[in-house]
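J.: To start, I am sharing the structure in question, which I have written as structure tokens.
In my numbering, the protein residues as written are 488 to 915.
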């Protein structure tokens with residue numbers, strides 16, 4: 488609990504849990520609203536695309552903005568934009584809109600706010616706690632994210648069916664509109680809490696804007712074996728080993744379960760992740776971080792294979808929970824490597840590069856899972872993907888020895904493994 492001794496960290500996490508709950512609840516309402524208008528599955532895919540595209544379009548300026556301007560102000564501006572957009576969704580719901588293009592346009596601007604706030608938020612966290620408590624902060628942040636990520640969709644579903652008209656006769660607010668109002672309230676809370684943070688970073692990047700300055704994050708990652716290795720390891724392991732998109736097939740055709748079984752399968756990795764986060768908060772990792780990273784990636788791949796061949800619901804749930812727990816350890820290690828081995832003035836742009844890798848692995852991973860399942864079937868696709876994750880772990884151990892040798896998760900220890908950091912920055 489060391490991280491919670493810091494006032495700013497406590498307030499930021501109180502803000503963050505509310506924002507995640509609101510965003511997850513809103514995602515449920517948007518999906519239901521769009522599908523009720525068009526009754527086409529492809530239109531649900533377009534909602535994700537509308538949110539994802541700004542992250543690609545604004546990748547370079549988002550990282551630069553996080554380093555050039557006060558990160559707290561950037562976050563407040565981005566979430567103010569999201570609050571206005573959510574207000575627009577409330578208005579569309581009140582008017583019972585049938586225009587899904589208007590909904591997509593609002594989602595695009597919400598995605599724009601997230602694209603700029605993501606790198607700024609990630610780069611802000613190391614300044615909220617003492618350096619010695621940073622790994623603990625990352626661990627608790629992961630636990631809070633998983634809990635909110637589980638609770639948010641369920642809360643959105645409950646609010647969507649809340650009979651407000653029974654309590655407020657004549658009210659036009661129902662269904663999606665109620666959920667959007669809840670999200671609006673969480674955003675107001677987020678802004679109020681973040682505005683009380685005492686941290687004031689000011690301008691971290693003092694050079695004039697140029698393409699070279701904006702590309703500095705890519706250059707730094709390319710020349711840092713720790714970061715390039717950890718980013719690319721996550722990309723290929725999730726790309727190959729992710730089985731989330733295929734869970735409906737496993738629930739229905741392999742395990743012969745209904746919607747309840749599907750819900751259990753979707754929740755299992757998060758349960759494992761939350762449990763492991765709590766364990767690591769109590770017993771933090773001290774040494775051999777690089778070795779543990781590769782061990783956990785291997786465990787993730789191995790239990791993905793077990794899930795693929797399982798014909799028992801309980802074995803499948805245990806496999807997914809263990810895979811989720813292993814993935815959580817690797818996420819904590821990678822997050823610590825990202826922030827602690829990167830100079831403060833570069834964290835925004837490097838975080839933006841990481842966002843690209845994470846976004847690509849998640850989005851392309853679902854596409855890859857669907858494509859290979861179409862070719863080979865869900866079981867073979869999942870087993871081959873898990874084996875692929877194991878192969879990647881072995882190959883990356885040889886390709887990135889500096890990552891394998893990473894020891895203590897401290898800035899001093901990690902930056903010793905990037906001895907040319909000043910030269911890298913000077914050459915940008």
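C-beta atoms are modelled at their ideal positions from N, C-alpha and C, and glycine is treated no differently.
Measure from the alpha carbon of residue 600 to the alpha carbon of each residue in 542, 624, 797, 675, then state which is nearest.
T.: The residue you call residue 600 lines up with position 113 of the chain shown. Among 542, 624, 797, 675, the Cα nearest to that of residue 600 belongs to 542.
J.: Distance check for residue 526 and residue 800, CA to CA, integer angstroms please.
T.: Against the chain shown, residue 800 aligns to sequence position 313. Against the chain shown, residue 526 aligns to sequence position 39. Whole-angstrom Cα-Cα distance: 31 Å.
J.: Return the CA-CA distance between residue 623 and residue 763, expressed in angstroms with no decimal places.
T.: The count along the chain shown starts at 1 and reaches residue 623 at position 136. The count along the chain shown starts at 1 and reaches residue 763 at position 276. Between residue 623 and residue 763, the C-alpha separation is close to 13 Å.
J.: Could you tell me if residue 743 is buried or exposed, where buried requires 16 or more neighbouring beta carbons within 10 angstroms of its beta carbon?
T.: As a working mapping, residue 743 is identified with position 256 in the chain shown. So residue 743 ends up on the exposed side.
J.: When the Cα atoms are used, what is the spatial distance from residue 489 to residue 620?
T.: By 1-based counting over the chain shown, the position of residue 489 is 2. By 1-based counting over the chain shown, the position of residue 620 is 133. Each residue's Cα considered, the two are about 6 Å apart.
J.: Residue 875 by DSSP, collapsed to three states: which one?
T.: The count along the chain shown starts at 1 and reaches residue 875 at position 388. In this structure, residue 875 counts as helix in the three-state DSSP scheme.
J.: Out of 512, 611, 749, which one is the CA nearest neighbour of residue 559?
T.: Counting from one through the chain shown, the residue named residue 559 turns up at place 72. Comparing Cα-Cα distances from residue 559 to each of 512, 611, 749, the minimum goes to 611.
J.: As a quick exercise: from 817, 714, 797, 869, pick the residue whose alpha carbon is nearest that of residue 760.
T.: Residue mapping note: residue 760 aligns to position 273 of the chain shown, counting from 1. Nearest option by C-alpha distance: 817.
J.: If you reduce the DSSP assignment to three classes, tell me which class residue 619 lands in.
T.: If you number the chain shown from 1, residue 619 lands on position 132. Helix.
J.: In whole angstroms, what is the alpha-carbon distance linking residue 734 and residue 643?
T.: The residue labelled residue 734 in the question sits at position 247 within the chain shown. The residue labelled residue 643 in the question sits at position 156 within the chain shown. Residue 734 and residue 643: Cα-Cα distance of roughly 21 Å.
J.: Measure from the alpha carbon of residue 671 to the alpha carbon of each residue in 520, 548, 539, 505, then state which is nearest.
T.: Counted from its first residue, the chain shown places residue 671 at position 184. Nearest option by C-alpha distance: 505.
J.: With DSSP as the reference, label residue 841 as helix, strand or coil.
T.: On the chain shown, residue 841 is found 354 positions in, with the first residue counted as 1. Residue 841 falls in the helix class under three-state DSSP.
J.: Whether or not the segment 495–514 and the segment 631–642 are in contact is what I'm after, with contact meaning three or more pairs of Cβ atoms, one per stretch, closer than 8 Å; do they touch?
T.: Segments in contact, yes.
J.: When DSSP labels each residue in this structure, what does residue 636 get in the three-state scheme?
T.: Counting from one through the chain shown, the residue named residue 636 turns up at place 149. In this structure, residue 636 counts as helix in the three-state DSSP scheme.
J.: Alpha carbon to alpha carbon, how far is residue 613 from residue 814? Give it in angstroms, no decimals.
T.: Your numbering for residue 814 matches position 327 in the chain shown. Your numbering for residue 613 matches position 126 in the chain shown. About 22 Å.
J.: Quick check: what's the CA-CA separation for residue 844 versus residue 565?
T.: Counting from one through the chain shown, the residue named residue 844 turns up at place 357. Counting from one through the chain shown, the residue named residue 565 turns up at place 78. Roughly 22 Å between the two C-alpha positions.
J.: Here's a check: name, in chain order, each residue in its chain whose Cβ is nearer than 8 Å to the Cβ of residue 772, leaving out the five neighbours to either side.
T.: For the purposes of this step, residue 772 is taken as the residue at position 285 of the chain shown. Correct list, in chain order: 622, 779, 816, 819, 820, 896.
J.: Exposed or buried, what is residue 586 when buried is set at 16 or more other beta-carbons lying within 10 Å of its beta-carbon?
T.: Mapped onto the chain shown, residue 586 falls at position 99. That one is exposed.
J.: Please report how far the alpha carbon of residue 790 lies from the alpha carbon of residue 729, in whole angstroms.
T.: Locating residue 790 in the chain shown gives position 303, counting from the first residue. Locating residue 729 in the chain shown gives position 242, counting from the first residue. If you take the alpha carbons of residue 790 and residue 729, they lie about 11 Å apart.
J.: Find the nearest neighbour of residue 567 within the set 775, 717, 708, 679, judged by alpha-carbon distance.
T.: Looking up residue 567 in the chain shown gives position 80. Of the candidates 775, 717, 708, 679, the one whose C-alpha sits nearest the C-alpha of residue 567 is 679.
J.: State the Cα-Cα distance for the pair residue 781 and residue 891, rounded to the nearest angstrom.
T.: Start at 1 with the first residue of the chain shown, and residue 781 comes out as number 294. Start at 1 with the first residue of the chain shown, and residue 891 comes out as number 404. If you take the alpha carbons of residue 781 and residue 891, they lie about 7 Å apart.
J.: Ignoring anything shorter than 3 residues or poking outside the segment 520–595, list the beta strand (DSSP E) runs there in chain order.
T.: Listed in chain order, nothing qualifies, since the segment 520–595 has no complete beta strand (DSSP E) run of 3 or more residues.
J.: Among residues of its own chain, excluding the 5 on either side of residue 667, which ones have a beta-carbon nearer than 7 Å to its beta-carbon?
T.: For the purposes of this step, residue 667 is taken as residue 180 along the chain shown, with counting starting at 1. Contacts found: 513, 516, 573, 576, 577, 580.
J.: Quick check on residue 711: does DSSP put it in helix, strand or coil?
T.: Counting from one through the chain shown, the residue named residue 711 turns up at place 224. Residue 711 falls in the coil class under three-state DSSP.
J.: When you compare each of 838, 536, 630, 553 to residue 766 by their alpha carbons, which one comes out closest?
T.: Within the chain shown, residue 766 is the residue found at index 279, counting from 1. Ranking the options by Cα distance to residue 766, first place goes to 630.
J.: Here's the rule I'm using: 16 or more other beta-carbon atoms within 10 Å means buried, otherwise exposed. How should residue 770 be labelled?
T.: The residue given as residue 770 occupies position 283 in the chain shown. Answer is exposed; the Cβ neighbour count stays below 16.
J.: Residue 686 and residue 554 look like a contact to me (Cβ under 8 Å); what is the Cβ gap, rounded to whole Å?
T.: Your numbering for residue 686 matches position 199 in the chain shown. Your numbering for residue 554 matches position 67 in the chain shown. That belief does not hold up - the Cβ atoms of residue 686 and residue 554 are roughly 15 Å apart, past 8 Å.
J.: My output table needs one value for residue 894: the three-state DSSP class, helix, strand or coil.
T.: As a working mapping, residue 894 is identified with position 407 in the chain shown. Coil, per DSSP.
J.: Just how far apart, CA to CA, sit residue 785 and residue 716?
T.: Position 298 of the chain shown, counted from the first residue, corresponds to residue 785. Position 229 of the chain shown, counted from the first residue, corresponds to residue 716. Answer to the nearest angstrom: the Cα atoms are 15 Å apart.
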